[in-house]
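Asker:
Numbering (mature numbering (1 follows the signal peptide of the UniProt record, and there is no 0)), first residue to last: -27 to -1, 1 to 396.
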């Protein structure tokens, strides 16, 4: 047994020596490649941070646009109602103006009738004189300058007959009635004109508010377009870096990969001894394996839940469609319901329904496949499927169906802490 152990140790030392020699010969080139890889990873991390920031800002802009569109809708409704009120006021003013014109016509006709009656009174006075009447009465009649003066004179001398008194009284009553009616119409007309001026002022303010809202909307749309353009540039740059990173990994793998016989020796050595050289190699290989896993794997889920998650990943990039529940377009709750349906699990397709489905889970005990909620335009207004590692997949109105980070930035601030588990 002792001889066997010594033989294995000898093989291990020989293999280890070969490994150390290979690593030493290639140490400089491997270090350069690893430095390059680290720089690429650093650049990609910076780009991803900028992408996350851009997504957060785009989401904020979209929320602002949604709120602004609601405000624009309210302003347009107010504008419509006030214009309707203005039309009704103008119509009422037109009717009152017609009524005033008609009253003026009646007053004119009444004045003409009064003038005719005045002539009748004159004729009666002549007849009165011809039949031996008092000359002073005739002087009153023919000395009058107008009908009002005539009335005053007649009353003063008290020489008028009963029939003449009735006629004069009728004239006074008719004229007073028409003038009273005209005064009432003119008061109403003044009120309508004041209302018209007030409505015109309101309309002017609403028009200004509408113009201001349109300017804000244009500014927000411009900001959104700039952010989308920046995001596209960042994604292109990240894609280039990803390709370069892949090439660097291949170069590093080729540089550290030993000859077949060395691998056998190392395998024996690793089973029996612990040396500095083998530890360095194991560490280097472990780093490569970890990097590869980070870039290609997804958090594991089991059974039907895994099927739901995989169904979601197969449609990454599908556009966001309000009310969408199918592969051609999703909204947030529609996607979650659809994904679980692919796994044979029936759940509601609204955020309200999803918020009470399954079992509530503490946010500290979340597992891949759990349903997570975010407070956006309302409490638990957005929903997605948790993937693990602080990531979730969901239909975002800014990106369509995509994976997002809920540990920082916009989604971290909106995470409500509400989690549901569906099995």
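Even glycine gets a Cβ: it sits at the ideal position worked out from N, Cα and C.
Leaving out five residues on either side along the sequence, give the residues of the same chain with a beta carbon under 7 Å from the beta carbon of residue 317.
Answerer: 277
Asker: Could you tell me the distance, in whole angstroms, from the CA atom of residue 62 to the CA atom of residue 169?
Answerer: 6 Å
Asker: Out of 363, 279, 143, 50, which one is the CA nearest neighbour of residue 382?
Answerer: 363
Asker: Check whether the Cβ atoms of residue 13 and residue 214 sit closer than 8 Å, and answer yes or no.
Answerer: yes
Asker: From which residue to which residue does the beta strand (DSSP E) around residue 367 run?
Answerer: 364 to 369
Asker: Residue 36 by DSSP, collapsed to three states: which one?
Answerer: helix
Asker: Let me confirm a value: residue 303 is counted as buried when at least 16 other C-beta atoms fall within 10 Å, else exposed. Which label applies?
Answerer: buried
Asker: Go through the segment 271 to 306 residue by residue and report every complete run of the alpha helix (DSSP H) that reaches 4 residues or more, in order.
Answerer: Restricting attention to alpha helix (DSSP H) runs no shorter than 4 residues, the segment 271 to 306 encloses them at 276 to 286, ordered along the chain.
Asker: Taking 8 Å as the cut-off, decide whether the C-beta atoms of residue 73 and residue 165 are in contact.
Answerer: Note that the C-beta distance between residue 73 and residue 165 is not below 8 Å.
Asker: Around the Cβ of residue 30, are there at least 16 other Cβ atoms within 10 angstroms (buried) or fewer (exposed)?
Answerer: buried
Asker: Does the beta-carbon distance from residue 365 to residue 354 come in below 8 Å?
Answerer: no
Asker: Are the Cβ atoms of residue 178 and residue 70 separated by less than 8 Å?
Answerer: no
Asker: Applying the 10 Å Cβ sphere with the 16-neighbour rule, what's the burial state of residue 28?
Answerer: buried
Asker: Would you call the CB atoms of residue 44 and residue 350 closer than 8 Å?
Answerer: Between residue 44 and residue 350, the CB-CB gap reaches or exceeds 8 Å.
Asker: Give me whichever residues DSSP pairs with residue 419 in a beta bridge.
Answerer: No answer is possible for residue 419: the residues shown for the chain start at -27 and end at 396.
Asker: Quick one: grab the DSSP three-state call for residue 350.
Answerer: coil
Asker: Given a cut-off of 8 Å on the beta-carbon distance, is the pair residue 319 and residue 390 in contact?
Answerer: No, Cβ-Cβ distance for residue 319 and residue 390 is not below 8 Å.
Asker: Thinking C-beta only, is residue 198 closer than 8 Å to residue 48?
Answerer: Judged by beta-carbon spacing, residue 198 lies beyond the 8 Å limit of residue 48, meaning their Cβ atoms are not closer than that value.
Asker: Could you say if the segment 282 to 291 and the segment 321 to 334 meet the contact criterion of at least three C-beta pairs nearer than 8 Å?
Answerer: Under the three-pair Cβ rule at 8 Å, the segment 282 to 291 does not count as touching the segment 321 to 334.
Asker: For residue 322, which of helix, strand or coil comes out of DSSP?
Answerer: coil
Asker: Return the Cβ separation of residue 20 and residue 210 in integer angstroms, given the expectation that the two are a contact with Cβ distance under 8 Å.
Answerer: 6 Å
Asker: How big is the Cα-Cα spacing for residue 77 and residue 37?
Answerer: 58 Å
Asker: Does the beta-carbon of residue 381, which I'm using as the reference point, lie nearer than 7 Å to any heavy atom of the ligand SAM?
Answerer: The ligand SAM is absent from the structure shown, which contains no ligand whatsoever.
Asker: Just to confirm, is the Cβ distance from residue 342 to residue 281 under 8 Å?
Answerer: yes
Asker: Could you tell me if residue 378 is buried or exposed, where buried requires 16 or more neighbouring beta carbons within 10 angstroms of its beta carbon?
Answerer: So residue 378 counts as buried.
Asker: Beta strand (DSSP E) containing residue 375: first to last residue?
Answerer: 373 to 378
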